[in-house]
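Q:
There are 2 protein chains.
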Amino acid sequence: MNWCNKTDKRYASILKAIKKYDTIIILRHEMPDFDASGSQFGLKSWILHHFPTKKVYALGENHKYFSEDNSLYPKTDILLKQPKDYLVFILDVANFDRIDGKEIIQNASYTIKIDHHIFVESFGNIEIVKTDYSAACELIAEMLLSFKKYKMNQEAAYYLYSGLVGDNGRFQYSSTSQRSFEIAAQLIHTGIDFTDIYEKMYTKNLEDIKILKYLYNHYQISKHGVIYTHTDKKALEKLGVEREKMKAYVNLFSGYKESRIWVSFTEDAEKNIWMVSIRSRKIPINMVAERHHGGGHANASGARVETYEETMQIIQELDDLLK
Amino acid sequence: MNWCNKTDKRYASILKAIKKYDTIIILRHEMPDFDASGSQFGLKSWILHHFPTKKVYALGENHKYFSEDNSLYPKTDILLKQPKDYLVFILDVANFDRIDGKEIIQNASYTIKIDHHIFVESFGNIEIVKTDYSAACELIAEMLLSFKKYKMNQEAAYYLYSGLVGDNGRFQYSSTSQRSFEIAAQLIHTGIDFTDIYEKMYTKNLEDIKILKYLYNHYQISKHGVIYTHTDKKALEKLGVEREKMKAYVNLFSGYKESRIWVSFTEDAEKNIWMVSIRSRKIPINMVAERHHGGGHANASGARVETYEETMQIIQELDDLLK
Chain F
1 MNWCNKTDKR YASILKAIKK YDTIIILRHE MPDFDASGSQ FGLKSWILHH
51 FPTKKVYALG ENHKYFSEDN SLYPKTDILL KQPKDYLVFI LDVANFDRID
101 GKEIIQNASY TIKIDHHIFV ESFGNIEIVK TDYSAACELI AEMLLSFKKY
151 KMNQEAAYYL YSGLVGDNGR FQYSSTSQRS FEIAAQLIHT GIDFTDIYEK
201 MYTKNLEDIK ILKYLYNHYQ ISKHGVIYTH TDKKALEKLG VEREKMKAYV
251 NLFSGYKESR IWVSFTEDAE KNIWMVSIRS RKIPINMVAE RHHGGGHANA
301 SGARVETYEE TMQIIQELDD LLK
Chain G
324 MNWCNKTDKR YASILKAIKK YDTIIILRHE MPDFDASGSQ FGLKSWILHH
374 FPTKKVYALG ENHKYFSEDN SLYPKTDILL KQPKDYLVFI LDVANFDRID
424 GKEIIQNASY TIKIDHHIFV ESFGNIEIVK TDYSAACELI AEMLLSFKKY
474 KMNQEAAYYL YSGLVGDNGR FQYSSTSQRS FEIAAQLIHT GIDFTDIYEK
524 MYTKNLEDIK ILKYLYNHYQ ISKHGVIYTH TDKKALEKLG VEREKMKAYV
574 NLFSGYKESR IWVSFTEDAE KNIWMVSIRS RKIPINMVAE RHHGGGHANA
624 SGARVETYEE TMQIIQELDD LLK
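Residue numbers (this note's numbering), protein chains in the order written: chain F, 1 to 323; chain G, 324 to 646.
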């Protein structure tokens, strides 16, 4: 029941390292999501709150949800000159190549990796990888809360909560555990305005309404209930939307009782291909993706195909699964 | 931090009453939502788990989400004959008139009311009303978890979790507190399959897609950004949807950066009126509803007006607020 009592011994070594180095650099994966940015700014805020004389830098490109008027996170820092004798944290990333700002690692005095993804490769003098945590923020919050002499500050809790919620879909996915709730309770206890976090995370704009309108006007249903949408080059141009953003709408057609498989096809006019995203409720669909030079997980796969005809072949194969 | 330690002394009296009566009837409000049904079946399951010889009846119409093939809750019970010497629980309801099955209260030996709504009127030999709880299930779970000699059973936890999530919007609304998370953690600890609960709660059907398509094709935006939809009698008939169900879609247009007020108008052809639902982000709008013989909360109000012209007058007044 009490996760706080099961403190990892390595946490003490990390606190020791934080105390030892005057310059601390915090990195995370490229194209940061809520968990990456939340981890980074949560840890930075906590360190500066308790050790205000240290120099702490959060490096990397800015979060896609960063904007001047609606900033969930502050801007990332810029290093004007190469520091000396510094500690580097690498958060929420399993592959060395995906680290945003990895060039700074080479001359680091000491490195600490904290992650919750499936282990890929080793880097860092201390490595803590716990795959049963719903977010890197869950793991980092656990560590910081275990430092009983140092109270969790509200600003750090704010960032850590955003990442916790970001990676577990607001306590929706099966990665959510008793510990996720217990840590959320402790973060809320600092008095953070979590409705403000949600508002910043969930804000949509009128461009999104147009995308939804397009998708609801163009979805199709196969004989046995596969729901699918094709968004071609012309539609993307008319809507003024990027391919990657359109792809993110694949789950618009999830959760319908009559449909256990849903698919989005988005045209990549530069490469002259269709990007395929296949999702399902319970039924494994990855073998269909694999047959079309793609792959992925049992209920979430992707592929890239060259012709419209092949997209319809995929629908036929998925439809057969629902017979 | 430890909500378990702050046990309400009345809880012990309630446990005593449960032990005393062999027949226990559990009521809640009409048109049950997740919190009403979750409270009712959670308490019933807990009592039967620990006192299997008792007769426990959950009365009232079935939950709207109850269906043969996708039942989140069991069917409600039917009383074949008037029982003698029985205890009645009345859960999640503040108005006596809204109790589903209130006729059974008259001959009850003892009555216990447990609610989290704003107090309206007194009924029940024991009355526990705590408005700072995000759900009646949060309050009932707290009570049952405080009975240390009786372990929370998984089935009761399943129902209580559904109601907790149902009333706080999966930990979204500001009613969510540290305690909500701590109780969620304890319920999850029993090993419930919460993803199964979500799947049953969130299942949509293809009729819903048609409603969404209609709304995205018919929304309008006023000069300063009020988003609104009119759904008239003809549209309701064509979609084959009930007025009340359509009204529930008012929040489809919430959360857009450019719009701080959104409104739905649904025609009630029988009464020859338009039902008006007004929602806003932060800006108070209830005075506009009041000016049109309606009312409600600062950010969620309603009204009923007789003409299409008056609906447009409302839009004009709301638009003025955004100038």
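Where is the CB? At the ideal position from N, CA and C, for every residue including glycine. All values derive from a computational prediction rather than experimental measurement.
Is there contact here, the region 478 to 487 of chain G with the region 436 to 452 of chain G, by at least three beta-carbon pairs under 8 Å?
A: By the Cβ test, the region 478 to 487 of chain G is not in contact with the region 436 to 452 of chain G, since fewer than three Cβ pairs between them sit closer than 8 Å.
Q: Below 7 Å CB to CB, which residues in the same chain sit around residue 286/F once its five sequence neighbours on both sides are set aside?
A: On the first sequence, position 286 is the one that residue 286/F refers to. For residue 286/F, where only same-chain residues beyond five positions count, the Cβ hits under 7 Å are 295, 296, 297, 298 and 301.
Q: What residues match up with residue 29/F in a beta bridge as DSSP calls it?
A: Locating residue 29/F in the first sequence gives position 29, where the first residue counts as 1. According to DSSP, residue 29/F bridges with 99/F.
Q: Does the CB of residue 324/G have a neighbour CB from chain F at under 9 Å?
A: For this step, residue 324/G is matched to residue 1 along the second sequence. Note that residue 324/G scores 41 on pLDDT, short of 50, meaning its location in the model is unreliable; the coordinates nonetheless yield the value given after this. Residue contact check for residue 324/G against chain F: a CB pair falls below 9 Å.
Q: Measuring straight from C-alpha to C-alpha, what distance separates residue 167/F and residue 377/G?
A: Residue numbering aside, residue 167/F sits at position 167 when the first sequence is read from its first letter. Residue numbering aside, residue 377/G sits at position 54 when the second sequence is read from its first letter. When rounded, the distance between both Cα atoms is 44 Å.
Q: Rounded to whole angstroms, how far is the Cβ of residue 134/F from the Cβ of residue 180/F, which I believe are closer than 8 Å?
A: In the first sequence, counting from the first residue as 1, residue 134/F sits at position 134. In the first sequence, counting from the first residue as 1, residue 180/F sits at position 180. Confirmed, Cβ separation roughly 5 Å.
Q: Taking buried to mean at least 16 other C-beta atoms within 10 Å of its own C-beta, is residue 214/F buried or exposed?
A: The residue labelled residue 214/F in the question sits at position 214 within the first sequence. With 16 or more other Cβ atoms within 10 Å, it is buried.
Q: Does any residue of chain G bring its CB to less than 9 Å from the CB of residue 170/F?
A: Here residue 170/F is taken as the residue at index 170 of the first sequence, counted from 1. At least one chain G Cβ lies under 9 Å of residue 170/F.
Q: Mind listing, in chain order, the continuous beta strand (DSSP E) runs of no fewer than 3 residues lying wholly within the region 588 to 630 of chain G?
A: 596 to 603 and 623 to 628
Q: The beta strand (DSSP E) spanning residue 413/G covers which residue range?
A: Position 90 of the second sequence, counting from 1, holds the residue named residue 413/G. Taken as a continuous stretch (DSSP letters only), the beta strand (DSSP E) holding residue 413/G covers 409 to 414.
Q: May I ask which residues mark the beginning and end of the beta strand (DSSP E) holding residue 373/G?
A: For the purposes of this step, residue 373/G is taken as residue 50 along the second sequence, with counting starting at 1. Here residue 373/G belongs to no beta strand (DSSP E); instead the alpha helix (DSSP H) covers 357 to 373.
Q: Near residue 640/G, what residues of its chain come up, given a Cβ to Cβ distance below 6 Å and the 5 sequence neighbours on each side ignored?
A: Along the second sequence, one-based indexing puts residue 640/G at 317. Excluding positions up to five away in sequence, the list reads 611.
Q: How big is the Cα-Cα spacing for residue 440/G and residue 642/G?
A: Sequence index remark: in the second sequence, residue 440/G carries index 117 (1-based). Sequence index remark: in the second sequence, residue 642/G carries index 319 (1-based). Residue 440/G and residue 642/G have their C-alpha atoms spaced approximately 32 Å apart.
Q: Just to confirm, is the Cβ distance from residue 82/F to residue 60/F under 9 Å?
A: Position 82 of the first sequence, counted from the start, is the residue given in the question as residue 82/F. Position 60 of the first sequence, counted from the start, is the residue given in the question as residue 60/F. No, the Cβ-Cβ distance between residue 82/F and residue 60/F is not below 9 Å.
Q: Just confirm the distance between the C-beta atoms of residue 275/F and residue 243/F, as a whole number of angstroms; I'd bet it's less than 8 Å.
A: Your numbering for residue 275/F matches position 275 in the first sequence. Your numbering for residue 243/F matches position 243 in the first sequence. About 7 Å separates the two Cβ atoms, so the contact holds.
Q: Taking the beta strand (DSSP E) that residue 438/G belongs to, which residues open and close that run?
A: Reading the second sequence from its first residue, position 115 is the one you call residue 438/G. Segment 433 to 438, the beta strand (DSSP E) holding residue 438/G.
Q: Output the distance between the C-alpha atoms of residue 408/G and residue 435/G, rounded to the nearest integer angstrom.
A: Reading the second sequence from its first residue, position 85 is the one you call residue 408/G. Reading the second sequence from its first residue, position 112 is the one you call residue 435/G. Computed Cα separation, rounded: 14 Å.
Q: By the DSSP assignment, the beta strand (DSSP E) with residue 450/G in it spans what residues?
A: Within the second sequence, residue 450/G is the residue found at index 127, counting from 1. Residue 450/G -> beta strand (DSSP E) spans 449 to 452.
Q: Can you pull the chain F residues whose beta carbon is under 8 Å from the beta carbon of residue 527/G, in chain order?
A: What you label residue 527/G is simply residue 204 of the second sequence in a count that begins at 1. The contacting residues are 255, 256 and 257.
Q: Under DSSP, the beta strand (DSSP E) around residue 230/F begins and ends at which residues?
A: Along the first sequence, read from residue 1 onward, the residue named residue 230/F stands at position 230. 226 to 231 is the extent of the beta strand (DSSP E) around residue 230/F.
Q: Would you verify that the beta carbon of residue 642/G is, or is not, closer than 9 Å to some beta carbon of chain F?
A: Numbered from its first residue, the second sequence carries residue 642/G at position 319. Chain F has no Cβ within less than 9 Å of the Cβ of residue 642/G.
Q: I need the straight-line Cα distance from residue 68/F to residue 106/F, nearest angstrom please.
A: The sequence position of residue 68/F within the first sequence is 68, counting from 1. The sequence position of residue 106/F within the first sequence is 106, counting from 1. Bear in mind that the predicted position of residue 68/F carries a pLDDT of just 49, short of 50, making it unreliable; the figure below should be weighed with that in mind. Between residue 68/F and residue 106/F, the C-alpha separation is close to 33 Å.
Q: Does the CB of residue 141/F have a neighbour CB from chain G at under 9 Å?
A: Your numbering for residue 141/F matches position 141 in the first sequence. No, residue 141/F lies away from the interface with chain G (no Cβ there is under 9 Å from its Cβ).
Q: Kindly indicate if chain F contains any beta-carbon less than 9 Å away from that of residue 330/G.
A: Position 7 of the second sequence, counting from 1, holds the residue named residue 330/G. Cβ-Cβ to chain F under 9 Å: no for residue 330/G.
Q: So, is the C-beta of residue 517/G closer than 9 Å to a C-beta in chain F?
A: For the purposes of this step, residue 517/G is taken as residue 194 along the second sequence, with counting starting at 1. Yes, contact with chain F.
Q: Could you pull out every residue in the same chain whose Cβ sits closer than 7 Å to the Cβ of residue 44/F, ignoring the five residues on either side in sequence?
A: By one-based count along the first sequence, residue 44/F stands at place 44. These residues qualify, in order along the chain: 26, 56 and 58.
Q: Counting contacts by CB-CB distance shorter than 9 Å, is residue 146/F in contact with chain G?
A: Residue mapping note: residue 146/F aligns to position 146 of the first sequence, counting from 1. No - not a single Cβ of chain G is within 9 Å of the one on residue 146/F.
Q: Which stretch, first to last residue, makes up the beta strand (DSSP E) that contains residue 380/G?
A: Taking the first residue of the second sequence as position 1, residue 380/G is located at position 57. In the DSSP annotation of this structure, the continuous segment of the beta strand (DSSP E) that includes residue 380/G starts and ends at 378 to 381.
Q: Please report the residue range of the alpha helix (DSSP H) in which residue 195/F lies.
A: Counting from 1 along the first sequence, the entry for residue 195/F is found at position 195. Looking at the DSSP string, the run of the alpha helix (DSSP H) that includes residue 195/F is 194 to 202.
Q: In whole angstroms, give me the CA-to-CA distance for residue 411/G and residue 513/G.
A: Within the second sequence, residue 411/G is the residue found at index 88, counting from 1. Within the second sequence, residue 513/G is the residue found at index 190, counting from 1. Rounded to whole angstroms, residue 411/G to residue 513/G spans 27 Å at the Cα level.
Q: In the DSSP assignment, find the unbroken alpha helix (DSSP H) run with residue 571/G in it and report its ends.
A: If you number the second sequence from 1, residue 571/G lands on position 248. Run containing residue 571/G: none; DSSP gives neither H nor E here.
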